[in-house]
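K.L.:
The structure is given below, and queries will be raised subsequently.
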Amino acid sequence: MPGPIKFLEFLERHGSDDAAALAAAYPMGCLLAAANPTRSSQKAAHVVPLLRNDGKPGRVVIGRDPAACDVVCGSPSVSRRHACFGLEGDRIVLTDLGSQTGTHVGAQRLEATQPVTLPSGAISELWIGEEGFYHFGPSALAAYLRHLASASRGSPRQAPAPIPAEPAQTPVAPAPTARVPKSNATTQRVARVAAPTPEEEAAREAAWRKAMAAVVQLGPTASTVEVDLALDDRPITIFDAEHEAGGLPQALRALEGLRAGVRRIRVTLRRTKFPIVVYERK
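With the sequence shown counted from 1, adding 351 to any position gets you the numbering used here.
Put into structure tokens, the structure is as follows:
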């Protein structure tokens, strides 16, 4: 059972993997763990694979008790056996196991023992008690890693910092459980807000569709399309006309997959070199 992996190390391992390869390796996806998942940089983040301790198929339990869980959170806000991830056919499901402080997907608190589907092609904001994560389904994970790796190869300005060499250590037996790294600071629920009203949800949907239409309209004259994500400190180029001629449909699919984490979308035109903000989440 692999423990938490530094995000940049995970990118080096899997940056070129497609969705099928990542789905085979991580069928329930992965968690991005950080002290503050909406503001942490990649250097501070860790990827927690959702895999069982025994390596066999089945549900993955997350909680505070190392003897009863596959993924361990040490926070006192997390119950002994707090929640579990599982597969129902090709669906990834999350179930609260009757925890004291609750399990949330975005602003929605889950009802105990009632499984909720997590989209395999998108990013979901999760709260296990007071511990915040982003869940990446295999398809969303592949899209995110592919575009980060592409940005690193195509633009030295955007290349991730090299991973520092770890000092030599005496080999030790691997830990039986994956422990989520703890921060010196208490995790804050900065991303937790009240569930949007139907009117607010309709306005957000209209703004997103308007942005997608703008990307399609400006695409033929665009040099790049960039996004800012809530979980990242730097822009990600998801379309570069110089290196990805005809790749705009793929960029649109990536935008839909990353939608939950997108803060801003910019389109830079070839002739003017001026970035146009076509979407900004309030």
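We put the CB at the ideal spot given by N, CA and C, even for glycine.
1. Of the residues A581, V629 and L620, which one's Cα is nearest the Cα of L383?
2. Got a sec: is the Cβ-Cβ distance from T548 to anything in chain C below 9 angstroms?
3. Determine the closest residue to R364 out of R497, L445, T575 and W478, with distance taken between C-alpha atoms.
4. So what's F358 in DSSP terms, helix, strand or just coil?
5. Can you give the Cα-Cα distance for T548 and V398, rounded to whole angstroms?
6. What do you get for I479, buried or exposed, if any count of 16 or more other CB atoms within 10 angstroms of its CB means buried?
7. Going along the chain, which unbroken runs of the beta strand (DSSP E) with 3 or more residues stay wholly within the stretch 395-465?
8. From the DSSP output, in three-state form, read off R540 for me.
9. With a CB to CB cut of under 6 angstroms and the five nearest residues on each side skipped, what residues in its chain are close to L461?
10. Need the endpoints of the beta strand (DSSP E) that A384 sits in, please.
11. Helix, strand or coil: how does DSSP classify E631 here?
12. Quick one: what does DSSP say S490 is sitting in, helix, strand or coil?
13. Taking the C-alpha atoms as reference points, what is the distance between P388 and S475?
14. How big is the Cα-Cα spacing for A419 and S428?
15. Smallest Cα separation from A473: which of I627, K624 and S490?
16. Cutting at 7 angstroms between CB atoms, please list the residues of its own chain near P599, excluding the five before and the five after it.
17. What is the DSSP secondary structure of P549, reduced to helix, strand or coil?
18. If I'm right that A565 touches V629 with Cβ under 8 angstroms, what's the distance once you round it to whole angstroms?
19. Let me make sure I understand the geometry here. Which of T623, E551, Q451 and L438 has the alpha-carbon closest to that of K633?
P.N.:
Taking the definition as stated:
1. The shortest CA-to-CA distance from L383 to any of A581, V629 and L620 is the one to A581.
2. Absent here is chain C; the protein component of the structure consists of one chain.
3. Distances from the alpha-carbon of R364 to those of R497, L445, T575 and W478 put R497 closest.
4. Of the three classes helix, strand and coil, the one that applies to F358 here is helix, per DSSP.
5. Distance between the alpha carbons of T548 and V398 is about 33 angstroms.
6. Counting Cβ neighbours within 10 Å, I479 comes out buried, since at least 16 surround it.
7. Runs of the beta strand (DSSP E) spanning 3 or more residues and lying entirely within the stretch 395-465 occur at 397-400, 411-414, 434-439, 442-447 and 454-456, in chain order.
8. Confidence at R540 is low in this model, with a pLDDT of 44, below 50, so its placement is unreliable and the value that follows should be read with caution. Residue state for R540 is assigned as coil, using DSSP reduced to three classes.
9. Excluding sequence positions up to five before and after L461, its CB lies within less than 6 angstroms of the CB of D447, T454 and V467, all in the same chain and listed in chain order.
10. Segment C381 to A384, the beta strand (DSSP E) holding A384.
11. DSSP places E631 within a strand segment (E or B) once states are collapsed to three.
12. S490: helix per DSSP, three-state reduction.
13. Any reading at P388 needs caution, since the residue's pLDDT is 45, under 50, leaving its predicted position unreliable; the model's value is listed next. Taking C-alpha positions only, P388 is separated from S475 by approximately 11 angstroms.
14. In a straight line, the C-alpha of A419 is about 17 angstroms away from that of S428.
15. If we check each option's Cα against that of A473, S490 comes out closest.
16. In the sequence as presented, Pro is not what sits at residue 599; that position holds Leu. Result list for L599: G570 and F590, in chain order.
17. Three-state DSSP puts P549 in a helix.
18. Sure, about 4 angstroms apart at Cβ, within 8 angstroms.
19. Measuring from the Cα of K633, the nearest candidate turns out to be E551.
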